[in-house]
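Structure, as structure tokens:
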Amino acid sequence: MRSRSVDPTTLIRYETALRLHVKPRFASRQLKSIKPSEIATWPTDLERRIGPATARTAFVVLHGTLELAVDDGTIKRIPAKAKVVKAPTPKQRKIVAWSDGTVERIVASHPMQYQAIPIIGAAAGLRQGEFFGLGQEDLDFDEMVIHVRRQVKRLGRDYVFALPKNDTEREVPMSDGAALTLLQHIERFPPRPMAFRRRSQTVTC
Numbered sequence: 001m002r003s004r005s006v007d008p009t010t011l012i013r014y015e016t017a018l019r020l021h022v023k024p025r026f027a028s029r030q031l032k033s034i035k036p037s038e039i040a041t042w043p044t045d046l047e048r049r050i051g052p053a054t055a056r057t058a059f060v061v062l063h064g065t066l067e068l069a070v071d072d073g074t075i076k077r078i079p080a081k082a083k084v085v086k087a088p089t090p091k092q093r094k095i096v097a098w099s100d101g102t103v104e105r106i107v108a109s110h111p112m113q114y115q116a117i118p119i120i121g122a123a124a125g126l127r128q129g130e131f132f133g134l135g136q137e138d139l140d141f142d143e144m145v146i147h148v149r150r151q152v153k154r155l156g157r158d159y160v161f162a163l164p165k166n167d168t169e170r171e172v173p174m175s176d177g178a179a180l181t182l183l184q185h186i187e188r189f190p191p192r193p194m195a196f197r198r199r200s201q202t203v204t205c
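Numbering-wise (the working numbering), the sequence shown opens with residue 1 and increments by one.
Okay, structure coming up:
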């Protein structure tokens, strides 16, 4: 785990996969006894039980461990790289856009102070964590754009500010309807400073 340079949430996923799926199968084994044929069937069984995404995470953890073992000279080859081994691949689901009627019903089902969330989500395509991390300073009503600079992520039991997905900030066009919704929301529910633990960043949300 100390050799991995990843964000904290990914590290938690790796640690969970190591504890729940990799160690129970391989912790008591000598590295040289682990064969490609065994690794080929292991993720397939995991995929059936826990789904392709979690199975892939467990495979990545095992693969990384075996890579380090090769670099350290403990074993000569990485059995997880054999031709017979196929890494689990999460299936791409078809995205279906909600109709206007569906969006309107979802908006109406929210309390007034939360109705801006589904409206801006539909109008600007912001992810949930990005909207939760949106600050008043990110709204440019002159240029009619939303600056997506951060998101709120769950880190264990805590919530922290983090960069958007792929650590990439971006600008999203703001429609007239989205601008009106945000202005009305700010007037009804004035923003206030909000800071999350483990980070010093404060945002007016």
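Virtual Cβ for every residue (Gly too), placed ideally from N, Cα, C.
query                                                                                                                                                                 : result
For I39, is the classification buried or exposed, using 16 other Cβ atoms within 10 angstroms of its Cβ as the cut-off for buried?                                    : buried
If G125 and V172 are in contact, beta carbons under 8 Å, what's the gap, nearest whole angstrom?                                                                      : 7 Å
Could you check what DSSP says for D158 in three-state terms: helix, strand or coil?                                                                                  : strand
On the DSSP letters alone, give me the boundaries of the beta strand (DSSP E) that P173 sits inside.                                                                  : 170-173
Enumerated in chain order, which unbroken segments of the alpha helix (DSSP H) with a length of 4 residues or greater are wholly contained in the segment 27-113?     : 36-50, 52-71, 100-108
Going by Cα to Cα distance, which pick from P8, L183, F131 is closest to I117?                                                                                        : F131
Flag this pair as yes or no: are the beta carbons of P223 and A58 separated by less than 7 Å?                                                                         : The question about residue 223 has no answer, for the chain in this structure spans 1 to 205.
Under 7 Å between the Cβ atoms of G129 and Q151?                                                                                                                      : yes
What number of angstroms, rounded off, separates the C-alpha of D45 from the C-alpha of V160?                                                                         : 34 Å
Enumerate in chain order the residues of its own chain whose CB-to-CB distance from E15 is below 7 Å, with the five nearest sequence positions on each side excluded. : M1
So, does the segment 55-70 touch the segment 78-98, judging by three or more C-beta pairs under 8 Å?                                                                  : yes
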